[in-house]
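Shown next, in structure tokens, is the structure this report addresses.
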Amino acid sequence: MGGGATVPPPDHLVTVIRKEGNLARPQIENGHTDIANELTEAFARCYLTASESRVLWAIIRKTYGWHKKYDRISFTQFEQLTGMNRRHVADALKSLMGRSIVTRRGNNYKLEYGVQKDYEKWVLLPVGVMNRLKNLLPVEATNTIVTQQGNTPLPVEATKSLPVEANTKEKKTTIQKKIVEGRKIAGYMFELPWLNKLVAEYADLNFEAEVTKFEDYQADTRRKLKSPKLALRNWLNIARERAAKAPAASRGARPLPDTKTLKEEWEQ
Numbered sequence: 001m002g003g004g005a006t007v008p009p010p011d012h013l014v015t016v017i018r019k020e021g022n023l024a025r026p027q028i029e030n031g032h033t034d035i036a037n038e039l040t041e042a043f044a045r046c047y048l049t050a051s052e053s054r055v056l057w058a059i060i061r062k063t064y065g066w067h068k069k070y071d072r073i074s075f076t077q078f079e080q081l082t083g084m085n086r087r088h089v090a091d092a093l094k095s096l097m098g099r100s101i102v103t104r105r106g107n108n109y110k111l112e113y114g115v116q117k118d119y120e121k122w123v124l125l126p127v128g129v130m131n132r133l134k135n136l137l138p139v140e141a142t143n144t145i146v147t148q149q150g151n152t153p154l155p156v157e158a159t160k161s162l163p164v165e166a167n168t169k170e171k172k173t174t175i176q177k178k179i180v181e182g183r184k185i186a187g188y189m190f191e192l193p194w195l196n197k198l199v200a201e202y203a204d205l206n207f208e209a210e211v212t213k214f215e216d217y218q219a220d221t222r223r224k225l226k227s228p229k230l231a232l233r234n235w236l237n238i239a240r241e242r243a244a245k246a247p248a249a250s251r252g253a254r255p256l257p258d259t260k261t262l263k264e265e266w267e268q
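Just so we're aligned, residue 1 is where the sequence shown starts under the UniProt record's numbering, counting upward by one.
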């Protein structure tokens, strides 16, 4: 290979768009996607992992981009649109369906995917946060389980060419199924509508980070919570007050306070 030779990007990263010079110039006339503003705002309030976001936008492109509610999207198409391998696509799809953000209809090789427009049915919190909240709370919630779409096994074509290593995520998948099975979650004091409202109310905070610190504090103090909802809300209020007092230049860059400091603020 001679000096200065460039290696072309992988095929799945090559996007055919109109260009002028070296700058991309996408134009509405070449195709556009119509999304209701209300739905867009709901997406802005929803926590998504990087994989979930990429898969969700692929579904939006293949449905709303063609003025359709559902579309048959193969895993090959998902790979081409997202640049992800199908194992990760399958994980993201399962999570999105479990959180009722994406819906699926059909069976076997005739599966169609679409976006759940009723965003009040979405589970806004990621599975990681739900896990941490469950560790904090006493098991007093109802055991009634309401089955949601997305809890059925993935189709055969999603995994037929996957390596054996794909089975290593069985534990994670099992946890997801146990956590996101309905609007009432077994083992939780908090109802999903209440949690979703809390996320929106404290949108100015890093909700996941604050839940992690709350859990660490409870683990250190072993404090029994009489009212988990009130305790979590008080914690978030303290975090908001602390952020408001911090100099603007240093917000988001301060080291986390130690347990002693947190305890003093909490007990004031």
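Note that the Cβ used here is the ideal one computed from N, Cα and C, for glycine as well.
- In the DSSP assignment, Leu-111 falls outside any alpha helix (DSSP H) and within the unbroken beta strand (DSSP E) covering 110–115.
- DSSP places Val-89 in no beta strand (DSSP E) but in the uninterrupted alpha helix (DSSP H) bounded by 86–98.
- Taking a contact as a CB-CB distance under 8 Å, the pair Tyr-70 and Glu-120 does not count as one, their CB atoms being some 20 Å apart.
- Contact between the region 203–213 and the region 231–250 is present: three or more C-beta pairs spanning the two stretches fall below 8 Å.
- Taken through DSSP and simplified to helix, strand or coil, Thr-49 comes out as coil.
- Judged by their CB atoms, Gly-31 and Gly-65 are nearer to each other than the 8 Å cut-off.
- Under the three-state reduction of DSSP output, Leu-125 falls in the coil class, being neither helix nor strand.
- Counting other Cβ atoms within 10 Å of its Cβ, Ile-35 stays below 16 and is therefore classed as exposed.
- DSSP links Arg-105 through a beta bridge to Glu-112.
- DSSP, reduced to helix, strand and coil, places Leu-230 within a helical segment of the structure shown.
- Its chain contains Arg-72 as the residues whose beta carbon lies nearer than 8 Å to that of Lys-110, once the 5 sequence neighbours on both sides are disregarded; these appear in chain order.
- Cβ neighbours of Tyr-202 within its own chain (closer than 6 Å, five residues either side excluded): Leu-236.
- When the five nearest sequence neighbours on each side are left out, the beta carbons in the same chain lying within less than 8 Å of the beta carbon of Leu-39 are those of Val-115, Lys-117, Tyr-119, in order along the chain.
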